[in-house]
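Sequential numbering of the sequence shown, starting at 57, is according to my numbering. The beta carbon of each residue, even a glycine, is placed where N, CA and C say it ideally should be.
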Amino acid sequence: LFASKRWREEFDADGKIKIRVRRTLYYPDRVEKYVTGSGPASEAGWVPYKDEDNGTWPLPWVDADGKPLGVAVIPFLNRGTGVSELQQVLPVQVALNKTVVDIIAAADVSGFPIYTKTGGKALATVDVFPGALWQDTNPDAKFGQLPAADLSPIIAAFDKFVQTLAIITRRPLSMFTGDNVSGESLKQREAGIVAQAKAATVLFGNAWEDCLYMGVKLARTFGSVSEIADDVNISTQWADVETRNEEAYRMAVREDFRVGIIDQQQAWDDLGYDNDQQGAMLRRAASAQARQIANAVRVIRETNAAPQPVNVPPNTNTNATTAELAAVG
57 LFASKRWREE FDADGKIKIR VRRTLYYPDR VEKYVTGSGP ASEAGWVPYK
107 DEDNGTWPLP WVDADGKPLG VAVIPFLNRG TGVSELQQVL PVQVALNKTV
157 VDIIAAADVS GFPIYTKTGG KALATVDVFP GALWQDTNPD AKFGQLPAAD
207 LSPIIAAFDK FVQTLAIITR RPLSMFTGDN VSGESLKQRE AGIVAQAKAA
257 TVLFGNAWED CLYMGVKLAR TFGSVSEIAD DVNISTQWAD VETRNEEAYR
307 MAVREDFRVG IIDQQQAWDD LGYDNDQQGA MLRRAASAQA RQIANAVRVI
357 RETNAAPQPV NVPPNTNTNA TTAELAAVG
């Protein structure tokens, strides 16, 4: 298993622009570089290419222990095979584009009424505008009008192609027509696209994780990063792909936290707070707790320092709650 990268280079050699083709093959344990010149035999002329600053060929692709780092190319394959989402759409889109041209052509030719005149003298100029008047005193002259063509069949064909696009792509039709729909209705109609998005998050999420795992290997081998744990766990986090009522969602998260289904950390994650925001909230909570403890200690000291009634032992309960201390005060 290997990955191949091929590209064309133009470079200046003694004042002349020359062309060559480069190819790099990425194997799990090595990197092989090749180059060929221009000309009819270029495809058969692959020779090893060595960088000026490194004469090693092939380049070793291993870690400090000599273990292969793996192929340094991570595929992002849509639907697992790399097929484009546009594959089924393009034929319909071509037909849709032609329908638009047909509508414009039909509108230009027969989209407006055509005025006619037969018999009598030929009109020197024929101007059509609001209030225009054509006249001919010849009794044989006759004026008429050809009605505009009905474009609704072509427009209906256009709408049908749009509906076909919505069906093929599993998109709500309102995304194409711009119609306003209720939130609940939209949630039901977008079930298809939500399913597609969730499937894509799994495939692309795994690819992103593979990229970062490869980055960890490279950082340990070629960089100065050493504090990354060997068992580091990388997980891709995606935003919610579904349309939702934000206020209802936040209330549901708060209720789950209140009844103990989730802890505070999970609640913050579900509500979208990042690490910096969570750290700031933890620091504020710790500061508030420290102030409460300091106030409690102060109240206890003031209580113990006050004159005690006869035969009443001093208050030495340092574990008094804030409510008890407030009652004492």
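ask   = Just checking my contact of Y171 with V184 at CB under 8 Å: how many whole Å lie between their CB atoms?
value = 7 Å
Same chain only: Cβ atoms within 7 Å of A383, ignoring 5 sequence neighbours per side = In this prediction, A383 has a pLDDT of 36, which is less than 50 and means its spatial position is unreliable; nothing more can be read from the coordinates.
Stretch-stretch touch, CB-based, cutoff 8 Å, three pairs: the segment 150–168 with the segment 198–218 = yes
message = Please return the same chain residues whose Cβ sits closer than 6 Å to the Cβ of R64, not counting the five positions on each side in sequence.
response = V77
query = Going along the chain, which unbroken runs of the alpha helix (DSSP H) with 4 or more residues stay wholly within the segment 108–176?
reply = Taking only runs of at least 4 residues, the alpha helix (DSSP H) segments lying wholly in the segment 108–176 are 146–166.
inquiry  = Could you give the first and the last residue of the continuous alpha helix (DSSP H) run that contains T359?
reply    = N331 to A361
query = Taking the Cβ atom as the reference point for each residue, do V156 and T220 lie within a distance shorter than 9 Å?
reply = no
request  = Could you tell me the distance, in whole angstroms, from the CA atom of R386 to the CA atom of G187?
outcome  = Absent from the structure is residue 386, since the part of the chain shown begins at 57 and ends at 385.
message = Please state the DSSP three-state secondary structure of E65.
response = The answer is strand: DSSP assigns E65 an E or B state.
7 Å CB neighbourhood of I210 in its chain, flanking five on each side removed = T155, D158, I159 and A162
request  = Check the Cβ-Cβ distances between V156 and every residue of chain B, and say whether any is below 9 Å.
outcome  = Considering every chain present, this structure includes no chain B. It has just one protein chain.
request  = Could you please give me the residues that DSSP links to Q191 through a beta bridge?
outcome  = Its beta-bridge partners do not exist; DSSP assigns none.
message = Let me check one thing: in DSSP terms, what residues is R78 bridge-paired to?
response = W63 and V91
request  = Check whether the segment 115–127 touches the segment 256–275, counting contact only when three or more Cβ pairs, one atom from each stretch, lie closer than 8 Å.
outcome  = yes
query = Do D164 and L179 have their C-beta atoms closer together than 9 Å?
reply = Against a cut-off of 9 Å, the Cβ pair of L179 and D164 comes out as no contact.
query = What did DSSP end up calling Q293 once you bin it into helix, strand or coil?
reply = coil
query = Which residues in the same chain as L146 place their Cβ atom closer than 7 Å to its Cβ, once the five residues preceding and following it in sequence are excluded?
reply = Scanning its chain for C-beta atoms nearer than 7 Å, with the 5 sequence neighbours on each side dropped, one finds no residue around L146.
key: For G248: DSSP bridge partner residues   = According to DSSP, G248 bridges with nothing at all.
request  = Mind the definition here: the segment 103–117 touches the segment 247–261 only if three or more C-beta pairs lie below 8 Å; say whether that holds.
outcome  = As far as the Cβ criterion goes, the segment 103–117 does not touch the segment 247–261, which means the pair count is below three.
request  = Please say whether T292 and W264 have beta carbons closer to each other than 9 Å?
outcome  = Contact annotation: W264 and T292 have beta-carbon atoms nearer than 9 Å.
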